[in-house]
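Asker: Its first residue numbered 1, the sequence shown is counted upward by one per residue in our numbering.
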Amino acid sequence: MIDLFDKGNKFSLKVKGYEFPGAQDELDANWLVVSIDVEHKAGEPWRACGPYLRTNELLRLLRWLRSLKAGVQPSRIAFTEGELAFSYLGDMQLAVILDFNFHPKGAAYDYSSDREFSLPFNVDDKGLANLIRSVEEAIREFPER
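1. Are E19 and V38 closer than 8 Å when you measure CB to CB?
2. Answer yes or no: do L192 and F121 have a C-beta to C-beta separation smaller than 8 Å?
3. Looking at C-alpha atoms only, which residue of K10, R115, V123 is the closest neighbour of G90?
4. Given a cut-off of 8 Å on the beta-carbon distance, is the pair L84 and Y52 in contact?
5. Is the segment 55-62 touching the segment 107-119, taking contact as three or more C-beta pairs under 8 Å?
6. F86 and A95 - do their beta-carbons sit closer together than 8 Å?
7. Could you name the residues of the same chain whose beta carbon sits closer than 7 Å to that of A78, not counting the 5 residues immediately before and after it, in chain order?
8. Provide the residue(s) that pair with R47 in DSSP beta bridges, ordered along the chain.
9. Out of curiosity, what's the CA-to-CA distance linking K41 and W64?
10. Give me the Cα-Cα distance between D188 and S67, rounded to the nearest whole angstrom.
11. If we count the other Cβ atoms within 10 Å of its Cβ and call it buried at 16 or more, is V72 buried or exposed?
12. Grab the span of the alpha helix (DSSP H) containing R140 for me, first residue to last.
13. Between N9, L13, R76, D28, which lies nearest to G43 when the distance is taken from Cα to Cα?
14. Would you call Y88 buried or exposed, if buried means 16 or more other Cβ atoms sit within 10 Å of its Cβ?
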């Protein structure tokens, strides 16, 4: 769904499926399992996976990306679960914010001393358009139920 590459950093986010595919309850039916693959120029690569996004949050992410395309000022978007956030720093600089289970420390994360991990990426207009298309595809594949 989202693939970013820049200066030795790589980030990939994929929607794997609904956490509860057969759920009828709106609260349970709309959780998505997502996976990340990360390479950081100053450390070891890592992967993580879990139910950390909701279908309506994909819609919010799409609106946020479209607002960046329209020239919105720097901003941040975060989700119900704190594992993932994005921040637009201005000047076509997008940061992926990873915390808790998506943090490079994963299960060794210390809630009392560790802090969110940020990966910066330069994203041009073409890259932003590709991100928007990718999120639109994920929304079509995993609609709100």
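Cβ atoms here follow ideal geometry from the backbone N, Cα and C, with glycine treated the same way.
Answerer: Based on what the coordinates show:
1. Remark: C-beta atoms of E19 and V38 do not approach each other more closely than 8 Å.
2. Since the first residue shown for the chain is 1 and the last is 145, residue 192 is missing from the structure and cannot be characterised.
3. It is V123 whose Cα lies nearest to the Cα of G90.
4. The criterion of a C-beta distance shorter than 8 Å is satisfied by L84 and Y52.
5. No, the segment 55-62 does not touch the segment 107-119.
6. For A95 and F86, yes; Cβs fall inside 8 Å.
7. Once the five neighbours on either side are set aside, the close Cβ partners of A78 are A85.
8. Looking at the DSSP assignment, R47 forms a beta bridge with D37.
9. Cα to Cα, K41 sits roughly 27 Å from W64.
10. The structure shown does not extend to residue 188, since the chain spans only 1 to 145, so no value can be given for it.
11. By the 10 Å Cβ count, V72 comes out exposed.
12. 125-141 is the span of the alpha helix (DSSP H), which, as asked, contains R140.
13. Ranking the options by Cα distance to G43, first place goes to N9.
14. Its Cβ being crowded by 16 or more others within 10 Å, Y88 is buried.
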